[in-house]
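Scroll down for the structure; my scribbles are underneath it.
In our numbering, the protein residues as written are 1069 to 1410.
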């Protein structure tokens, strides 16, 4: 009763939400930095990409509005000793080649630090881009049927743009929690790709180990881990989840010759990681882990470092949405009075 009353009051009071829920800072999530002509090739997946100009414009706006753009490591120092200015951290998931070719020049020009979370299937050229393959399959066909890979899901009459987009969104929710092996089955059996085509798509889009080494030479870059196979951890067995986390960390540490301190949950919804993953990360002495779920970063996250919120940033991100984030209202809308996710 009291909690509901408080939430009702907070919904009506921007001053209270700003005071209570704007936090100390914010973490932004990117995946790809692409020229517009490349970005528009996959419009169902447009939220995965931002143009170099769009990224530069946002960085400039944040700097002009007195945000301190800092590294994740520095963010934890700021939580211990807050300053007047709010902080912003930039993070990028997966390990796309464009992070180096288009992203790094922007961050270097603006002198802004960022973290890149590498899923080791990317430099090993065995990532399954099921989200892109699904988009192409639905655009080319009037139905989708997953029964051949043992999934009871079928949609027909996909004849217009809205029905196809709806099908993409529904099928994504079915495919996302599956295992790496099922993702590969989907690509081969449903989408009709060959093993050679899968590898070719990887080589075209993924950073190689040498390119990751080159990226890591920049003093602005922090490398973090992102599993071995880019799977939804909470939907795997405990042992597989542990292996996904531990092996990806060890591989990166061996390749780069430095300790991994930061981790990102693939897909990053609250349904993709939970207490098991927090405990595994703690046992491996990882400093932080991030979701893909809107919210503010609070002092309390010093005690809950594996439950950090992040919000996606694309060319389509509106000023009004950013204002809601910076005022604390977005955190409250998604999380109520809870400051810690999960």
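Backbone N, C-alpha and C fix where the C-beta goes; we use that ideal spot for every residue, glycine too.
Would you report the Cα separation of residue i and residue j, rounded to the nearest angstrom?
i: residue 1201; j: residue 1257; result: 12 Å
i: residue 1074; j: residue 1401; result: At residue 1074, the pLDDT of 47 sits below 50, so the modelled position is not reliable; the number obtained from the coordinates is stated separately. Rounded to whole angstroms, residue 1074 to residue 1401 spans 13 Å at the Cα level.
i: residue 1110; j: residue 1170; result: 18 Å
i: residue 1114; j: residue 1367; result: 33 Å
i: residue 1107; j: residue 1195; result: 19 Å
i: residue 1250; j: residue 1335; result: 16 Å
i: residue 1090; j: residue 1178; result: 25 Å
i: residue 1374; j: residue 1307; result: 19 Å
i: residue 1236; j: residue 1128; result: 35 Å
i: residue 1207; j: residue 1232; result: 7 Å
i: residue 1275; j: residue 1084; result: 45 Å
i: residue 1144; j: residue 1160; result: 18 Å
i: residue 1130; j: residue 1314; result: 35 Å
i: residue 1291; j: residue 1139; result: 11 Å
i: residue 1228; j: residue 1241; result: 21 Å
i: residue 1349; j: residue 1086; result: 32 Å
i: residue 1203; j: residue 1266; result: 15 Å
i: residue 1134; j: residue 1357; result: 26 Å
i: residue 1137; j: residue 1210; result: 46 Å
Just confirm the distance between the C-beta atoms of residue i and residue j, as a whole number of angstroms; I'd bet it's less than 8 Å.
i: residue 1383; j: residue 1122; result: 4 Å
i: residue 1409; j: residue 1361; result: 6 Å
i: residue 1320; j: residue 1293; result: 6 Å
i: residue 1345; j: residue 1301; result: 5 Å
i: residue 1164; j: residue 1099; result: 7 Å
i: residue 1316; j: residue 1188; result: 5 Å
i: residue 1381; j: residue 1126; result: 6 Å
Is residue i buried or exposed, if buried means 16 or more other CB atoms sit within 10 Å of its CB?
i: residue 1304; result: buried
i: residue 1398; result: buried
i: residue 1154; result: buried
i: residue 1070; result: Since pLDDT at residue 1070 reaches only 42, below the 50 mark, its modelled position is unreliable, and the value read off the structure follows with that caveat. Its Cβ having fewer than 16 others within 10 Å, residue 1070 is exposed.
i: residue 1218; result: exposed
i: residue 1441; result: The first residue shown for the chain is 1069 and the last is 1410, placing residue 1441 beyond what the model contains.
i: residue 1407; result: buried
i: residue 1095; result: buried
i: residue 1191; result: buried
i: residue 1246; result: buried
i: residue 1049; result: Outside the shown range of the chain (1069 to 1410) lies residue 1049, about which nothing can therefore be said.
Quick one: what does DSSP say residue i is sitting in, helix, strand or coil?
i: residue 1223; result: strand
i: residue 1382; result: coil
i: residue 1098; result: strand
i: residue 1255; result: helix
i: residue 1408; result: coil
i: residue 1274; result: strand
i: residue 1123; result: helix
i: residue 1335; result: coil
i: residue 1294; result: coil
i: residue 1268; result: helix
i: residue 1359; result: coil
i: residue 1213; result: strand
i: residue 1200; result: helix
i: residue 1340; result: helix
i: residue 1183; result: strand
i: residue 1376; result: strand
i: residue 1117; result: strand
i: residue 1073; result: The predicted model places residue 1073 with a pLDDT of 44, which falls under 50 and marks its position as unreliable; any figure quoted below should be read in that light. DSSP places residue 1073 in helix when its eight states are reduced to three.
i: residue 1354; result: coil
i: residue 1111; result: helix
i: residue 1234; result: helix
Indicate whether at least one CB of chain D lies closer than 9 Å to the CB of residue i.
i: residue 1083; result: The chain inventory of the structure shown lacks chain D, comprising one protein chain alone.
Whole runs of the beta strand (DSSP E) within the segment 1139-1180, excluding any shorter than 3 residues: Within the segment 1139-1180, the complete beta strand (DSSP E) segments at least 3 residues long are 1155-1162, listed from N- to C-terminus.
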